[in-house]
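The listed protein sequences correspond, in order, to chains A and B. By this note's numbering, the letter at position 167 of the first sequence is numbered 167, and the numbering carries on one by one without gaps. By this note's numbering, the letter at position 28 of the second sequence is numbered 400, and the numbering carries on one by one without gaps. Worksheet: the structure to be examined is printed underneath.
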Amino acid sequence: MSERRVTAAAAAVGLAVLLAVPFYAGPFWLQAGLFAMAAAIGAIGLNVLTGAAGQLSMGHAFFLAVGAYTYVWLAAEPEEAAGRTLSGLGWPTWTAAVAAVAVAGIAGGACSPIAGRLKGPALGIATLALVFLGQHVMLRADSVTGGVNGRAVPPMELLGFRFADTPQPLYVLGVPFGGLERLWYLALLLLVLAGLFARGVLRSRPGRALNTIRDNEIAAGAMGVPVARYRAAAFVLSSMYAGLAGVLVALAFQRTVPEYFGLTLALDYLAMIVIGGLGTVAGAVTGAVFVSVLPMLLTRYGDAVPLVAPPGSSGGMSPAEAARLLYGVAFVAVLLYLPGGVLGLAARIRIRLRARRRPASPLPSRPEETPA
Amino acid sequence: MSTIVEILVNGLASGAVYALIALGFVVIFKATEVINFAHTSLLLAGGYLVAVLHDDIGFAGAVLAGVAATAVLATLVELVVLRRVRTGGHATLSIVTIGVDIVLTVELTRRIGTEVLPLGDPWGDRVVRIGDVTIAQTRIAAFAVAVAVIAAFLLAFRFTSWGVAMRAAAENRRTAALMGVRLGRVSAGAWAVAGALAALAALFMCVFPTPGLDRTTSLAALKALPAAVLGGIDSTTGALVGGVLIGITEAAVVGYQNDVALFGGGFAEIAPYLLMTVVLLARPAGLFGTREPARV
Numbered sequence: 001m002s003e004r005r006v007t008a009a010a011a012a013v014g015l016a017v018l019l020a021v022p023f024y025a026g027p028f029w030l031q032a033g034l035f036a037m038a039a040a041i042g043a044i045g046l047n048v049l050t051g052a053a054g055q056l057s058m059g060h061a062f063f064l065a066v067g068a069y070t071y072v073w074l075a076a077e078p079e080e081a082a083g084r085t086l087s088g089l090g091w092p093t094w095t096a097a098v099a100a101v102a103v104a105g106i107a108g109g110a111c112s113p114i115a116g117r118l119k120g121p122a123l124g125i126a127t128l129a130l131v132f133l134g135q136h137v138m139l140r141a142d143s144v145t146g147g148v149n150g151r152a153v154p155p156m157e158l159l160g161f162r163f164a165d166t167p168q169p170l171y172v173l174g175v176p177f178g179g180l181e182r183l184w185y186l187a188l189l190l191l192v193l194a195g196l197f198a199r200g201v202l203r204s205r206p207g208r209a210l211n212t213i214r215d216n217e218i219a220a221g222a223m224g225v226p227v228a229r230y231r232a233a234a235f236v237l238s239s240m241y242a243g244l245a246g247v248l249v250a251l252a253f254q255r256t257v258p259e260y261f262g263l264t265l266a267l268d269y270l271a272m273i274v275i276g277g278l279g280t281v282a283g284a285v286t287g288a289v290f291v292s293v294l295p296m297l298l299t300r301y302g303d304a305v306p307l308v309a310p311p312g313s314s315g316g317m318s319p320a321e322a323a324r325l326l327y328g329v330a331f332v333a334v335l336l337y338l339p340g341g342v343l344g345l346a347a348r349i350r351i352r353l354r355a356r357r358r359p360a361s362p363l364p365s366r367p368e369e370t371p372a
Numbered sequence: 373m374s375t376i377v378e379i380l381v382n383g384l385a386s387g388a389v390y391a392l393i394a395l396g397f398v399v400i401f402k403a404t405e406v407i408n409f410a411h412t413s414l415l416l417a418g419g420y421l422v423a424v425l426h427d428d429i430g431f432a433g434a435v436l437a438g439v440a441a442t443a444v445l446a447t448l449v450e451l452v453v454l455r456r457v458r459t460g461g462h463a464t465l466s467i468v469t470i471g472v473d474i475v476l477t478v479e480l481t482r483r484i485g486t487e488v489l490p491l492g493d494p495w496g497d498r499v500v501r502i503g504d505v506t507i508a509q510t511r512i513a514a515f516a517v518a519v520a521v522i523a524a525f526l527l528a529f530r531f532t533s534w535g536v537a538m539r540a541a542a543e544n545r546r547t548a549a550l551m552g553v554r555l556g557r558v559s560a561g562a563w564a565v566a567g568a569l570a571a572l573a574a575l576f577m578c579v580f581p582t583p584g585l586d587r588t589t590s591l592a593a594l595k596a597l598p599a600a601v602l603g604g605i606d607s608t609t610g611a612l613v614g615g616v617l618i619g620i621t622e623a624a625v626v627g628y629q630n631d632v633a634l635f636g637g638g639f640a641e642i643a644p645y646l647l648m649t650v651v652l653l654a655r656p657a658g659l660f661g662t663r664e665p666a667r668v
């Protein structure tokens, strides 16, 4: 009981800190935080699929791309850029965002003949195909995607409120609220909703069913879980999370380029859930923060770290490379020594501490819980 | 007519190289039920070693050293990393190889940088003309070496005690262990063989008409993964058939890219993956893969 209260208190404090951040942090931290929150939403989705259902997906970057480009195409007005015509439907931006998530889900559903039947690593290879397919389409369908140069992302607008820099800055408690500050709250709201929803899914009937499929497919089938349908459903859900993450990344970047949505990004997402901890929402968020903020930190504070060269100079590692190397090593080390990820480590420490506080009782006796 | 023959010949030659790589995936999968996602970075390591060493110790020496060193590197990955993973099943082990791949790829691409490294092969860009069909010498060498190596591998797999141990382990690990097969040695051996095959394949992926080894070589080699999967990840026959299918498909797409509008603009890059998807839709276990029967 007290355990749960501690967790709730920690969550409340964390939320309060996150709500206060835009009042104190500069653009660097806001940008880093925005990417981390977008990545966290995507990682939560992947963790439902890979962590809870045991289905390896290396195609998460594809669904992020589907979300990002669908949003841009639906929301943008048709335009002439660099001698090329870019088409666009000019929808209200919030409907475009909702539709982008739905389209990502439909794309995931279209994969269900494969996603429902293959399991584990075999699905990983099949989804690898999606990343390459996506790259090809993004580069070729340039009237929709803008080709290799990408497209500008129309800023989000909800009931006349623009999530972008405006000519007259909006002051809240004396702090100017530009695009980054506004997007911060949008991303935070979406992250909390996405996290709560995934937590609900994982802790209730469908989550248990997915875990059973992961642990023993035949037992799950024998107990009446429609294995293929649940696998496909987990795939659709994770695609929709990826689509939402894609929309947020596009809004934060203000430009979508095909290069970003490559194999590297797909592996980044896998690294997030592995490092944070497979199968839980908090694990996905922890890993996402680690993987997406690390390269930015090394870029900014690289001078103080040995072996990392400032960008542009020769010799030593570039910050991006150093970051990838670091989390590659973390990836392997976590699987070797920390099953359950960073979050699992925290849980183990908590158990150890509790054991120390209440020493030498083989049976956990709790007098307050015994019925009178 | 000559186009078709050229496409077939070139497809067969690059298919043989894909088969070498795909065989590496299959060997490791058979021995340990792990899909080795680090295979392409091992290949990159082998190619890099040959590129760096050939100036000092000559081409043949560099190839031997590269193959040996990559085999050792692969064995080290198995001994130092995979064997120490205690939790989770084969799926976790496959995910671990992704982490290994990230580390190896970062280090190798950092060393290679933006350069294109020549491998110093003796064939250069010379061609052989038979009638009105032109074939690069490198293609002939690739085909001959790949066929010889694959034949040697299959013979060893069939007749040596190492091969018998490996097949026994693939059939039923527990029984094999009870019969005295050392599973540790089997899997270390499988990784060594896969590493050697990868280094050899790297050589032929980086010679004419490819300008040399660069950081994208591992992406090109990744196309052997669909080859292994569409053939059936647990079947050596499947790896060979899959490799050749992928090779010919790719050659055909490149050969007809001016005639068929769909094939333009880098379609050859994704054709192997599309082919795999189509095969998987019809046969989820691949062409020659065994469907896992389950006893309830």
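Note that CB positions come from ideal geometry on N, CA and C, so glycine has one too.
Where residue i falls, given that 16 or more other Cβ within 10 Å makes a residue buried
i         : result
Tyr420(B) : buried
Ala11(A)  : exposed
Tyr241(A) : buried
Met156(A) : buried
Pro92(A)  : exposed
Ser607(B) : buried
Ala219(A) : exposed
Leu652(B) : buried
Leu475(B) : Checking the displayed sequence, the identity of residue 475(B) turns out to be Val instead of Leu. That one is buried.
Asn630(B) : exposed
Asn408(B) : buried
Arg231(A) : buried
Val452(B) : exposed
Arg214(A) : buried
Val439(B) : buried
Glu79(A)  : exposed
Val472(B) : buried
Residue i vs residue j beta-carbon contact at 7 Å
i         : j         : result
Arg579(B) : Thr506(B) : According to the sequence as given, residue 579(B) is Val; it is not Arg. For Val579(B) and Thr506(B), no; Cβs fall outside 7 Å.
Leu244(A) : Ile41(A)  : yes
Ala560(B) : Glu405(B) : no
Gly422(A) : Ala463(B) : The question about residue 422(A) has no answer, for chain A in this structure spans 1 to 372.
Gly567(B) : Leu414(B) : yes
Ala609(B) : Phe660(B) : It should be noted that the sequence gives Thr, not Ala, for residue 609(B). Yes, Cβ-Cβ distance for Thr609(B) and Phe660(B) is below 7 Å.
Thr447(B) : Ala564(B) : yes
Trp73(A)  : Gly54(A)  : no
Glu321(A) : Val478(B) : yes
Ala537(B) : Leu392(B) : no
Leu294(A) : Ala323(A) : yes
Met234(A) : Leu210(A) : According to the sequence provided, residue 234(A) is Ala. The question's Met does not apply to it. A contact, by the Cβ cut-off of 7 Å.
Thr127(A) : Tyr69(A)  : no
Ala43(A)  : Tyr337(A) : no
Per-residue contacts from residue i into chain B (C-beta, under 8 Å)
i         : result
Met317(A) : Arg482
Residues that residue i contacts on chain B, provided the C-beta gap is smaller than 7 Å
i         : result
Ala16(A)  : Result: empty, since nearest Cβ-Cβ is about 35 Å, beyond 7 Å.
Arg117(A) : Pro656
Gly88(A)  : Near Gly88(A) there are no residues of chain B at all, since even the closest Cβ is about 23 Å away, more than 7 Å.
Arg140(A) : Gly637
Pro324(A) : As written in the sequence, residue 324(A) is Arg, which differs from the Pro given in the question. Per Cβ cutoff of 7 Å: Ile474 and Val478.
Partners in chain A for residue i, counting only beta-carbon separations shorter than 8 Å
i         : result
Leu597(B) : Ile125 and Leu128
Val626(B) : Those within 8 Å of Val626(B) in chain A number zero; the least Cβ separation is about 15 Å.
Chain B contact residues for residue i, given Cβ-Cβ distances below 9 Å
i         : result
Ala209(A) : Within 9 Å Cβ-Cβ: nothing; Ala209(A) doesn't reach chain B, min ~18 Å.
Residue i: contacting residues in chain A (beta-carbon distance under 7 Å)
i         : result
Thr464(B) : Leu335
Interface partners of residue i on chain A, CB under 9 Å
i         : result
Ile379(B) : Simply none; closest approach about 21 Å.
Determine which residues of the segment 264-278 of chain A have a Cβ less than 8 Å from any Cβ of chain B, and write them out in chain order. Residues passing the 8 Å Cβ filter: Leu267, Leu270, Ala271 and Val274.
Give me the subset of the segment 639-653 of chain B whose CB atoms are less than 9 Å from a CB atom of chain A, sorted by chain position. Flagged, chain order: Phe639, Glu641, Ile642, Pro644, Tyr645, Leu646, Met648, Thr649, Leu652 and Leu653.
Contact the segment 490-503 of chain B vs the segment 548-566 of chain B: 3+ CB pairs below 8 Å: No: fewer than three Cβ pairs fall under 8 Å.
Mind the definition here: the segment 342-353 of chain A touches the segment 322-329 of chain A only if three or more C-beta pairs lie below 8 Å; say whether that holds. Taking 8 Å as the limit for Cβ pairs, the verdict is that the segment 322-329 of chain A does not touch the segment 342-353 of chain A.
Against chain A, which members of the segment 498-513 of chain B pass a CB distance test of less than 8 Å? Residues of the segment 498-513 of chain B with a Cβ closer than 8 Å to any Cβ of chain A: none.
In the segment 442-456 of chain B, which residues sit with their C-beta less than 7 Å from some C-beta in chain A, listed in chain order? Hits within the stretch, in order: Val453 and Arg456.
Pull out every residue of the segment 328-352 of chain A whose Cβ sits closer than 9 Å to any Cβ of chain B, in chain order. Correct list: Gly328, Val329, Ala330, Phe331, Val332, Ala333, Val334, Leu335, Leu336, Tyr337, Pro339 and Gly340.
Examine the Cβ distances between the segment 244-253 of chain A and the segment 175-191 of chain A and report whether three or more of them are shorter than 8 Å. Cβ pair count under 8 Å is three or more, so yes.
For the segment 35-58 of chain A, which residues have a CB atom closer than 7 Å to at least one CB atom of chain B, in sequence order? So the close ones are Gly54 and Leu56.
Identify each residue in the segment 392-408 of chain B for which the Cβ-Cβ distance to at least one residue of chain A is less than 7 Å, and report them in chain order. Per Cβ criterion, the list reads Ile407.
Three or more C-beta pairs under 8 Å: does that hold for the segment 374-393 of chain B against the segment 583-590 of chain B? Taking 8 Å as the limit for Cβ pairs, the verdict is that the segment 583-590 of chain B does not touch the segment 374-393 of chain B.
Hey, is the segment 528-548 of chain B in contact with the segment 334-351 of chain A, meaning 3+ C-beta pairs nearer than 8 Å? With a cut-off of 8 Å, the segment 334-351 of chain A and the segment 528-548 of chain B do not count as touching, because too few Cβ pairs lie within range.
Taking Cβ-Cβ distances below 9 Å as the criterion, which residues of the segment 604-620 of chain B are in contact with chain A? Within the segment 604-620 of chain B, contact with chain A at the beta-carbon level (separation under 9 Å) is assigned to Ile605.
Interface positions of the segment 553-578 of chain B facing chain A (Cβ-Cβ less than 9 Å), listed along the chain: Taking 9 Å as the Cβ-Cβ cut-off against chain A, none of the residues of the segment 553-578 of chain B qualify.
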